[in-house]
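Written below as structure tokens is the structure these notes are about.
There are 2 protein chains.
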Amino acid sequence: MLNVNPERFLQSLHDLRAFGASGEGNGVVRPAYTPDELAARDWIGQQMHAAGLDVQMDAMGNQFGIAPGGGLLLGSHTDSQPEGGWLDGALGVMAGLEIARAARECDGPPISVVNFQDEEGRFGVTTGSAIWSGNLPADVADRLQDKSGKLLRDVRASLGPRVTGPVIPAQFHAYIEMHIEQGPYLDNAGEKIGVVSDIVGIRDMTVTLTGEQNHAGTTPMAHRRDAFQGLSAFNSLLNDRFRNVVQPSTVWTIGHVSLSPNASSIVPGRVQFSMQWRDSSADRLDRMESIIRTTLDEIATTHQLQLECSDMLGLAPVAMDQGLIDALAASAASHAPGNWRHMPSGALHDATNMAALMPVGMLFVPSINGKSHCFEEDTDPDDLVTGLHVLADATMRYLAGR
Amino acid sequence: MLNVNPERFLQSLHDLRAFGASGEGNGVVRPAYTPDELAARDWIGQQMHAAGLDVQMDAMGNQFGIAPGGGLLLGSHTDSQPEGGWLDGALGVMAGLEIARAARECDGPPISVVNFQDEEGRFGVTTGSAIWSGNLPADVADRLQDKSGKLLRDVRASLGPRVTGPVIPAQFHAYIEMHIEQGPYLDNAGEKIGVVSDIVGIRDMTVTLTGEQNHAGTTPMAHRRDAFQGLSAFNSLLNDRFRNVVQPSTVWTIGHVSLSPNASSIVPGRVQFSMQWRDSSADRLDRMESIIRTTLDEIATTHQLQLECSDMLGLAPVAMDQGLIDALAASAASHAPGNWRHMPSGALHDATNMAALMPVGMLFVPSINGKSHCFEEDTDPDDLVTGLHVLADATMRYLAGR
Numbered sequence: 005m006l007n008v009n010p011e012r013f014l015q016s017l018h019d020l021r022a023f024g025a026s027g028e029g030n031g032v033v034r035p036a037y038t039p040d041e042l043a044a045r046d047w048i049g050q051q052m053h054a055a056g057l058d059v060q061m062d063a064m065g066n067q068f069g070i071a072p073g074g075g076l077l078l079g080s081h082t083d084s085q086p087e088g089g090w091l092d093g094a095l096g097v098m099a100g101l102e103i104a105r106a107a108r109e110c111d112g113p114p115i116s117v118v119n120f121q122d123e124e125g126r127f128g129v130t131t132g133s134a135i136w137s138g139n140l141p142a143d144v145a146d147r148l149q150d151k152s153g154k155l156l157r158d159v160r161a162s163l164g165p166r167v168t169g170p171v172i173p174a175q176f177h178a179y180i181e182m183h184i185e186q187g188p189y190l191d192n193a194g195e196k197i198g199v200v201s202d203i204v205g206i207r208d209m210t211v212t213l214t215g216e217q218n219h220a221g222t223t224p225m226a227h228r229r230d231a232f233q234g235l236s237a238f239n240s241l242l243n244d245r246f247r248n249v250v251q252p253s254t255v256w257t258i259g260h261v262s263l264s265p266n267a268s269s270i271v272p273g274r275v276q277f278s279m280q281w282r283d284s285s286a287d288r289l290d291r292m293e294s295i296i297r298t299t300l301d302e303i304a305t306t307h308q309l310q311l312e313c314s315d316m317l318g319l320a321p322v323a324m325d326q327g328l329i330d331a332l333a334a335s336a337a338s339h340a341p342g343n344w345r346h347m348p349s350g351a352l353h354d355a356t357n358m359a360a361l362m363p364v365g366m367l368f369v370p371s372i373n374g375k376s377h378c379f380e381e382d383t384d385p386d387d388l389v390t391g392l393h394v395l396a397d398a399t400m401r402y403l404a405g406r
Numbered sequence: 005m006l007n008v009n010p011e012r013f014l015q016s017l018h019d020l021r022a023f024g025a026s027g028e029g030n031g032v033v034r035p036a037y038t039p040d041e042l043a044a045r046d047w048i049g050q051q052m053h054a055a056g057l058d059v060q061m062d063a064m065g066n067q068f069g070i071a072p073g074g075g076l077l078l079g080s081h082t083d084s085q086p087e088g089g090w091l092d093g094a095l096g097v098m099a100g101l102e103i104a105r106a107a108r109e110c111d112g113p114p115i116s117v118v119n120f121q122d123e124e125g126r127f128g129v130t131t132g133s134a135i136w137s138g139n140l141p142a143d144v145a146d147r148l149q150d151k152s153g154k155l156l157r158d159v160r161a162s163l164g165p166r167v168t169g170p171v172i173p174a175q176f177h178a179y180i181e182m183h184i185e186q187g188p189y190l191d192n193a194g195e196k197i198g199v200v201s202d203i204v205g206i207r208d209m210t211v212t213l214t215g216e217q218n219h220a221g222t223t224p225m226a227h228r229r230d231a232f233q234g235l236s237a238f239n240s241l242l243n244d245r246f247r248n249v250v251q252p253s254t255v256w257t258i259g260h261v262s263l264s265p266n267a268s269s270i271v272p273g274r275v276q277f278s279m280q281w282r283d284s285s286a287d288r289l290d291r292m293e294s295i296i297r298t299t300l301d302e303i304a305t306t307h308q309l310q311l312e313c314s315d316m317l318g319l320a321p322v323a324m325d326q327g328l329i330d331a332l333a334a335s336a337a338s339h340a341p342g343n344w345r346h347m348p349s350g351a352l353h354d355a356t357n358m359a360a361l362m363p364v365g366m367l368f369v370p371s372i373n374g375k376s377h378c379f380e381e382d383t384d385p386d387d388l389v390t391g392l393h394v395l396a397d398a399t400m401r402y403l404a405g406r
């Protein structure tokens with residue numbers, strides 16, 4: 005057993021949230037590469053160094069605290085959304101740091117820590133781990149822009165002398181990420197731990213329906229080709245048709261809608277909207293896509309609208325490693341008997357990318373009211389500590405089984 | 005009979021469209037108080053003066069060409085939408101000018117012309133005639149802002165020495181406005197003249213539905229309070245429920261939709277949208293409003309959304325004067341036998357405000373494909389000339405009958 009220190013772990017989380025503290029609850033404002041975010045990274049580097057780890061940073065800003073020999077890698081990310089919570093990825097990094105420190109203190113097995121950069125996607129999607137894993141070529145990433153039009157290439161230059169050079173993935177043999185659930189399942193059930201079975205796949209496209217812009221007073225209903233009416237009819241039909249295909253954890257969202265010209269006295273001639281759906285089965289994602297495309301075609305015909313679909317963003321579902329699932333499940337059963345579950349992750353995580361490099365495991369602790377990416381995000385301290393113990397225990401079980 | 009000159013009339017319309025010519029078809033860009041719009045007004049003032057009319061302008065920029073004694077008033081407006089057509093209100097002003105000129109040339113009865121300002125609502129709604137009619141207090145209007153935040157008070161100062169002072173409404177005893185239909189009825193039926201029975205009433209409000217902003221990956225469908233889903237369900241129900249209440253000319257429109265935060269990966273927590281409906285019966289407008297409010301309440305309950313409705317903008321339906329309707333109908337029957345109709349106006353016009361001051365009549369000529377408020381707006385020259393003859397004839401019939 006590693007002798008982890010819960011008080012030291014909780015204190016480090018509170019110390020970290022001082023960087024970019026929002027002043028509202030425990031909230032933080034720490035998007036990738038902002039001064040507060042880099043200051044947090046510098047402080048974490050000092051903590052890694054003090055724990056006896058070799059601090060390295062690649063050109064993207066991914067930060068590693070490497071134990072001699074590399075070994076098992078724990079971590080997540082400490083950048084936040086523009087309005088974020090104090091736990092999110094920070095939890096996995098600080099838990100990893102505590103466990104790596106405890107392992108060094110008892111001359112235990114090599115356990116290293118990683119703090120990925122830009123998981124929240126100021127530039128891409130899980131940008132830092134995507135590049136490190138080879139899923140996103142660095143030269144392509146360098147041309148990505150944030151919302152203000154700044155290039156990643158220019159912004160990451162602010163890392164300056166922090167960058168030590170490339171970090172070789174092959175020195176690590178597995179990755180475990182602890183994270184808050186960001187959903188309501190554990191909190192609603194009063195459960196302490198979720199052992200992640202897989203990270204759901206996601207498909208996302210932008211749909212444009214074009215009708216005819218017209219005067220809202222003089223254009224009779226029967227003559228209209230109203231793009232908003234097309235969207236609304238599509239949404240209703242889709243909800244009906246999905247009923248026989250989806251499972252309880254399947255989700256789909258129209259989160260972005262842009263009407264043109266978007267004026268109360270003009271029949272909308274055009275609508276552009278996002279259509280996103282997620283599920284842990286690639287087959288179900290396919291069936292949903294086929295329903296979406298058929299329904300769009302129908303609506304375009306019945307409402308006399310032109311239909312255009314963007315290229316589809318698709319990320320396949322990623323299964324966690326069975327050995328790591330078993331180790332995490334055994335630890336959860338020991339520290340939260342009868343009070344944990346296997347579950348999919350509906351959100352993307354750095355673990356998605358890491359699965360391209362090595363066996364990957366994930367565990368969740370509850371999010372109070374399922375809230376995240378907001379200042380109210382929180383988790384009971386007892387649950388944070390249970391998560392720490394389960395992670396530490398699973399790490400040792402997994403290493404013992406190799 | 006007045007001896008109107010169709011060539012002179014058509015030439016004056018083409019001369020006028022040179023002010024703010026868009027370079028696309030016959031389109032014009034001549035919003036209220038812009039340099040091109042004021043230059044057009046100066047040129048029209050010269051034409052009025054040359055026709056033997058006394059040119060006056062009030063502090064708002066409403067421009068009058070007054071025959072000795074005032075008499076019957078003809079006109080409309082020459083400001084345009086940001087992207088407008090060459091006819092719209094310009095047609096009514098140039099037709100009025102031609103008829104007033106013809107009346108002066110033959111020493112006929114007093115016929116005056118008006119060119120209202122800001123009918124297209126850079127600041128309000130039919131702003132110039134609303135102020136002149138007393139429907140909109142001038143001090144309230146002065147605080148209105150355009151989309152860039154400029155105050156009407158400051159912008160109308162650009163009129164400078166053009167302003168001659170207040171123009172007394174009591175010197176005019178009736179108002180007739182010729183306008184393009186801006187809808188498809190006449191063009192579809194191949195008819196030449198629409199004699200307006202009434203201008204439909206309009207009600208318009210902004211609705212806000214507030215649910216809960218959530219992560220689109222981790223929030224199960226059953227836990228969502230998705231504001232967009234609320235809007236879509238409301239729209240479907242409303243379309244169903246209106247079926248038994250509306251008549252073929254009733255229209256309703258959701259033309260503005262604003263989601264928050266409007267991102268593809270976030271369940272929309274809030275939607276603000278416009279709900280506008282128009283009909284010629286105040287009673288039907290009431291019944292529609294009651295259905296709208298009931299349906300919104302239901303949706304708010306079933307979708308667990310907070311509902312907020314803005315104050316309602318309401319303009320009552322306005323009936324045209326029966327004497328003017330009769331004069332216009334007799335003239336239409338004479339110049340376009342079997343080829344005209346009585347019809348309501350689905351759009352607002354300056355005539356709406358003028359009805360507060362004096363008997364009001366309106367006639368329409370066809371809009372090709374029902375298009376207006378765009379550069380393609382057009383009408384067959386033969387139809388423009390038919391409109392001129394019907395207006396001139398109706399003017400004389402009405403005066404003869406007094």
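First to last, the protein sequences are chains A and B. Under my numbering, the residues of the first sequence are numbered 5 to 406, in order. Under my numbering, the residues of the second sequence are numbered 5 to 406, in order. Glycine is no exception: its CB is placed at the ideal position from the N, C-alpha and C atoms.
At least 3 beta-carbon pairs within less than 8 angstroms: the segment 380–390 of chain A vs the segment 224–235 of chain A: No, the segment 380–390 of chain A does not touch the segment 224–235 of chain A.
Between the CA atoms of B/N239 and B/L163 - distance to the nearest angstrom: Taking the first residue of the second sequence as 1, we reach residue 163 of chain B at position 159. Taking the first residue of the second sequence as 1, we reach residue 239 of chain B at position 235. Approximately 45 angstroms between the Cα atoms of the pair.
CB contact flag (B/V407, A/T223, <8 angstroms): A query on residue 407 of chain B cannot be resolved here, the shown segment of chain B reaching from 5 to 406 and no further.
Reference A/G31; option with closest CA among A/A398, A/E87 and A/L6: For the purposes of this step, residue 31 of chain A is identified with residue 27 of the first sequence, where counting begins at 1. Between A/G31 and the set A/A398, A/E87 and A/L6, the nearest pair of CA atoms involves A/E87.
A/S285 at chain B interface by Cβ criterion, 8 angstroms: Here the question's residue 285 of chain A lines up with position 281 in the first sequence. Residue contact check for A/S285 against chain B: no CB pair falls below 8 angstroms.
Residue-level contact to chain B via CB, A/H346, 8 angstroms cutoff: For this step, residue 346 of chain A is matched to residue 342 along the first sequence. False, the Cβ-Cβ gap to chain B never drops below 8 angstroms.
Extent of the continuous alpha helix (DSSP H) run through B/P39: Your numbering for residue 39 of chain B matches position 35 in the second sequence. DSSP places B/P39 in the uninterrupted alpha helix (DSSP H) bounded by P39 to A54.
Continuous alpha helix (DSSP H) stretch holding A/W90: start and end: For the purposes of this step, residue 90 of chain A is identified with residue 86 of the first sequence, where counting begins at 1. Element bounds for A/W90: n/a, residue is neither H nor E.
Rounded Cβ spacing between A/N357 and A/T130 (contact assumed at less than 8 angstroms): Locating residue 357 of chain A in the first sequence gives position 353, counting from the first residue. Locating residue 130 of chain A in the first sequence gives position 126, counting from the first residue. About 6 angstroms separates the Cβ atoms of A/N357 and A/T130, confirming a contact at the 8 angstroms cut-off.
Beta-carbon proximity list for A/L77, same chain, < 6 angstroms, skipping 5 on both sides: For the purposes of this step, residue 77 of chain A is taken as the residue at position 73 of the first sequence. Closer than 6 angstroms at Cβ, skipping near neighbours: S116, V118, F176 and Y179.
Test item: CB-CB of B/G391 and B/L361 under 8 angstroms: In the second sequence, residue 391 of chain B corresponds to position 387, counting from 1. In the second sequence, residue 361 of chain B corresponds to position 357, counting from 1. Taking 8 angstroms as the Cβ cut-off, B/G391 and B/L361 do not qualify as a contacting pair.
Residue span of the alpha helix (DSSP H) that contains B/Q308, given as start and end: The sequence position of residue 308 of chain B within the second sequence is 304, counting from 1. No residue range can be given for B/Q308, since it is assigned to no alpha helix (DSSP H) and is classified by DSSP as neither H nor E.
DSSP three-state assignment for A/T254, whether helix, strand or coil: On the first sequence, residue 254 of chain A is found 250 positions in, with the first residue counted as 1. If DSSP states are grouped into helix, strand and coil, A/T254 belongs with coil.
Backbone secondary structure at B/I172 - three-state DSSP: The residue given as residue 172 of chain B occupies position 168 in the second sequence. DSSP places B/I172 in the coil class of the three-state scheme, outside both helix and strand.
Alpha-carbon to alpha-carbon, A/F68 and A/T168: In the first sequence, the residue the question calls residue 168 of chain A occupies position 164. In the first sequence, the residue the question calls residue 68 of chain A occupies position 64. Looking at the two C-alpha atoms, the distance is approximately 10 angstroms.
CB of A/V204 within 8 angstroms of CB of A/P321, strictly: Here residue 204 of chain A corresponds to residue number 200 of the first sequence, with the count starting at 1. Here residue 321 of chain A corresponds to residue number 317 of the first sequence, with the count starting at 1. Yes. Within cutoff.
Burial state of A/Q85 (16 or more Cβ within 10 Å): Residue mapping note: residue 85 of chain A aligns to position 81 of the first sequence, counting from 1. Only buried fits A/Q85, as 16 or more other CB atoms lie within 10 angstroms of its CB.
Cross-chain neighbours of B/S26 in chain A, by beta carbon under 8 angstroms: Translated into positions along the second sequence, residue 26 of chain B becomes position 22. In chain order: nothing, as chain A lies at least about 17 angstroms away.
Beta-ladder partner(s) of B/T212, from DSSP: In the second sequence, counting from the first residue as 1, residue 212 of chain B sits at position 208. DSSP lists B/Q276 and B/E312 as the bridge partner or partners of B/T212.
Span of the beta strand (DSSP E), counted from its first residue to its last, around B/D202: By 1-based counting over the second sequence, the position of residue 202 of chain B is 198. Element bounds for B/D202: I197 to I203.
Range covered by the beta strand (DSSP E) that runs through A/P348: Residue mapping note: residue 348 of chain A aligns to position 344 of the first sequence, counting from 1. A/P348 -> beta strand (DSSP E) spans W344 to S349.
Any 3 or more C-beta pairs closer than 8 angstroms across the segment 96–114 of chain B and the segment 39–54 of chain B: Contact between the segment 96–114 of chain B and the segment 39–54 of chain B is present: 3 or more CB-CB pairs across the two stretches fall below 8 angstroms.
Residue burial classification, A/V144 (beta-carbon count within 10 angstroms, cutoff 16): Counting from 1 along the first sequence, the entry for residue 144 of chain A is found at position 140. The residue in question, A/V144, is exposed, as its Cβ has fewer than 16 Cβ neighbours within 10 Å.
Against chain B: residues of the segment 214–248 of chain A by CB proximity under 7 angstroms: Within the segment 214–248 of chain A, the qualifying residues are H219, A220, G221, T222, T223, P224, M225, H227, F232, S236, N239 and S240.
Start and end residues, alpha helix (DSSP H) containing A/M64: Counting from one through the first sequence, the residue named residue 64 of chain A turns up at place 60. For A/M64, there is no enclosing alpha helix (DSSP H), as DSSP marks it with neither H nor E.
Beta-carbon proximity check, B/S314 vs B/T214, cutoff 8 angstroms: The sequence position of residue 314 of chain B within the second sequence is 310, counting from 1. The sequence position of residue 214 of chain B within the second sequence is 210, counting from 1. No, the pair does not count as a contact, with Cβ atoms beyond the cut-off.
Proximity of B/G96 and B/M225 at Cβ, strictly below 8 angstroms: Within the second sequence, the letter at position 92 stands for residue 96 of chain B. Within the second sequence, the letter at position 221 stands for residue 225 of chain B. Cβ distance not < 8 angstroms, so B/G96 and B/M225 don't count as in contact.
Buried versus exposed call for B/S338 [16 or more other C-beta atoms within 10 Å across all chains shown]: In the second sequence, counting from the first residue as 1, residue 338 of chain B sits at position 334. It is exposed - the Cβ of B/S338 has fewer than 16 other Cβ atoms within 10 Å.
Short CB-CB distance (under 8 angstroms) between A/D208 and chain D: Protein chains A and B are contained in the structure displayed, whereas chain D is not.
Assumed close pair A/I372, A/D191 - CB separation to whole angstroms, cut-off 8 angstroms: Within the first sequence, residue 372 of chain A is the residue found at index 368, counting from 1. Within the first sequence, residue 191 of chain A is the residue found at index 187, counting from 1. Sure, about 6 angstroms apart at Cβ, within 8 angstroms.
Beta-carbon spacing of B/M64, B/I172 below 8 angstroms: Within the second sequence, the letter at position 60 stands for residue 64 of chain B. Within the second sequence, the letter at position 168 stands for residue 172 of chain B. No; because the gap between Cβ atoms is not below 8 angstroms, this pair is not in contact.
Contact belief for B/I70 with B/Q60 at Cβ below 8 angstroms, rounded distance in angstroms: For this step, residue 70 of chain B is matched to residue 66 along the second sequence. For this step, residue 60 of chain B is matched to residue 56 along the second sequence. Cβ-Cβ separation between B/I70 and B/Q60: approximately 6 angstroms, consistent with a contact (criterion under 8 angstroms).
Cβ distance (whole Å) where B/G273 is taken to contact B/Q310 below 8 angstroms: Sequence index remark: in the second sequence, residue 273 of chain B carries index 269 (1-based). Sequence index remark: in the second sequence, residue 310 of chain B carries index 306 (1-based). Wrong, their Cβ atoms sit about 10 angstroms apart, outside the cutoff.
Distance, A/I296 Cα to A/V275 Cα: On the first sequence, position 271 is the one that residue 275 of chain A refers to. On the first sequence, position 292 is the one that residue 296 of chain A refers to. The alpha-carbon atoms of A/V275 and A/I296 are separated by roughly 16 angstroms.
Proximal residues of chain B, C-beta to C-beta of A/P272 below 9 angstroms: Here the question's residue 272 of chain A lines up with position 268 in the first sequence. Near A/P272 (Cβ distances below 9 angstroms), the residues of chain B are T257, I258, G259, H260 and V261.
CB contact below 8 angstroms: B/E412 versus chain A: Because residue 412 of chain B is not part of the residues shown, which for chain B are 5 to 406, the question remains open.
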